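Residue numbers for the sequence shown follow full-length UniProt numbering, beginning at 1 and rising by one. Backbone N, C-alpha and C fix where the C-beta goes; we use that ideal spot for every residue, glycine too. Computed from a predicted model, the values in this text were never measured in an experiment. Here is the structure we will look at, set down as structure tokens.
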Amino acid sequence: MTMTDASSSLWSHVPSAPPDSILGIANLYRKDPEKKKLNLSVGAYRDDNGNPCILRVVRKVEQEPAPDHEYIPMAGISLFCQAAAKLILGENASSIAEKRVVTVQSLSGTGALRVGAEFLYRFYHPNPANTEKPRVYIPRPSWGNHRKVFESAGLKVSEYTYFDPVTCDVDAKGLLEDLKNNVPSYSVIVLHACAHNPTGADPSEELWKEILQVVLQKQLLVFFDSAYQGFASGDLEKDAFAVRLFEQSGIEMLVAQSFAKNMGLYGERVGALSFICKDTCPVDAVQSQLETIIRSMYSSPPANGARIACRILNDPQLFQEWKQELVEMSARIQNMRKLLYEALVSRKTPGDWSHITKQIGMFSFTGLNAKQVRYLREKHHIYMTEDGRASMAGLSRETVPMFADAIHDAVTNGDLRSSSL
Ligand SMILES: Cc1ncc(COP(=O)(O)O)c(C=O)c1O
């Protein structure tokens with residue numbers, strides 16, 4: 001044990017953590033004094049004037065006074081949990097009818113993943129012959145926080161092939177081969193339910209079916225991450241296709257849901273974690289263990305956002321109004337993709353930019369390399385993550401030409417040109 005010098009802090013040996021790859025860029029943006037700067041790094045919806053936006057239906061529900069500010073149960077508001085499970089699994093899901101689903105409220109999508117990860121660390125040891133814990137496989141690339149969330153729970157994380165940088169699309173062959181040949185049986189695989197972050201490239205319905213076959217053969221445990229239901233295509237049913245396909249196969253799986261994007265409730269931290277079990281037998285035990293995990297982490301979830309979501313999900317009129325706003329938000333994003341694509345084509349910017357309109361959801365994986373991204377930041381005050389991901393939701397009619405000019409400049413500026421464009 002080393003003695004600490006009484007004059008220095010107990011924490012003087014603590015090294016600074018590296019900045020978060022996404023929030024670190026947002027910090028740089030905040031510090032930039034330039035007036036005409038543009039932040040495309042963070043996944044938050046903006047209206048056509050570039051402003052944060054509160055959904056009309058959320059505003060409406062916010063007029064209703066909260067009944068009280070008491071604690072809510074560890075597992076959250078049960079009417080919210082039931083509605084969240086129905087939303088993702090489908091009104092007529094047999095797992096719900098047969099009472100094989102356990103759902104707890106979570107601190108948005110991240111919290112659902114973290115509580116699920118903790119549960120897996122404690123209870124998932126499917127292969128008695130192997131004392132090592134199963135690994136968690138996330139796509140390469142994946143949302144920057146996935147690895148950290150699972151590793152924080154003590155789980156080992158590896159990656160499976162997902163994206164082809166040449167076609168800027170899902171590498172279907174590579175993905176299936178990797179799952180078949182390199183991912184050990186019983187591993188946990190994280191699948192983005194729709195609007196894959198950061199690439200915006202989703203498997204086709206055919207490919208989802210093939211993935212399911214491999215999952216069944218290898219007895220993989222699927223952990224779906226659904227952060228964009230309804231926000232990707234504007235259609236809640238369509239964006240739940242993969243989750244429902246897997247549910248209908250009868251496998252056990254976990255689903256993390258976020259209401260940050262689709263209800264615009266980012267800071268309210270509204271989410272849900274569901275366990276879909278094979279039968280009703282483990283349901284009470286799973287529920288009680290999830291509550292134990294939640295109790296020791298943060299005791300109980302926040303009430304306000306979940307109350308709002310609960311009202312919207314359970315009131316047919318409010319639900320219709322929400323669906324209309326989902327169509328509006330997703331259409332605006334799709335329009336930004338189209339405008340950006342057209343702007344690059346009209347500038348004759350070298351490269352094939354068709355992936356911008358093919359990709360779905362909030363982000364486009366532009367194909368710009370890290371050098372080009374830095375160039376955009378330093379010369380044009382446009383902020384994106386260094387993997388070339390740009391939030392299409394952060395663009396507006398006014399800023400598309402500025403972004404297209406900057407990309408054109410970066411791409412045509414001699415040695416900055418990326419081979420993958
Ligand atoms: C793939 C994915 N999963 C989970 C999340 C979690 O978001 P939140 O915790 O804000 O719901 C995000 C947010 O960007 C995401 O993109």
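- Here Arg332 is actually not in contact with Leu107; their C-beta atoms are around 28 Å apart, not less than 8 Å.
- Closest in alpha carbon position to Arg140, among Ser78, Phe119, Ala227, Asp169, is Asp169.
- Nearest in C-alpha terms to Tyr186, of all of Glu210, Pro134, Pro19, is Pro134.
- Distances taken from the Cβ of Asp387 to the heavy atoms of ligand 1 include none shorter than 8 Å.
- In this structure, Gly76 lies away from Met362, with their beta-carbon atoms at least 9 Å apart.
- In the DSSP annotation of this structure, the continuous segment of the beta strand (DSSP E) that includes Leu221 starts and ends at 221 to 226.
- Taking C-beta atoms under 8 Å as the contact rule, Gln287 and Val102 qualify, at a distance of about 5 Å.
- Taking the Cα positions, Ala84 is about 23 Å away from Phe150.
- As the crow flies, the alpha-carbon of Trp143 is around 29 Å from that of Glu91.
- Under the three-pair Cβ rule at 8 Å, the stretch 244 to 255 counts as touching the stretch 206 to 219.
- Under a 10 Å Cβ-count criterion, Lys261 is classified as buried, with 16 or more other Cβ atoms of the shown protein chains found around its own Cβ.
- Rounded to the nearest whole angstrom, the C-alpha separation of Leu221 and Lys358 is 30 Å.
- Straight through space, the alpha carbons of Val283 and Asp47 are spaced by roughly 42 Å.
- Contact holds between the stretch 325 to 341 and the stretch 231 to 240, because three or more Cβ pairs, one in each stretch, are under 8 Å apart.
- Taken from the Cβ of Leu107, at least one heavy atom of ligand 1 lies inside 8 Å.
- CA-to-CA, the gap between Tyr341 and Ile96 works out to about 43 Å.
- Excluding five sequence positions before and after Glu34, the CB atoms of its chain that fall closer than 6 Å to its own CB belong to His381, given in chain order.
- Using a cutoff of 8 Å, the CB of Ser396 does not count as near ligand 1, since none of the ligand's heavy atoms is closer than that.
- Residue range 316 to 346 is occupied by the alpha helix (DSSP H) that includes Pro316.
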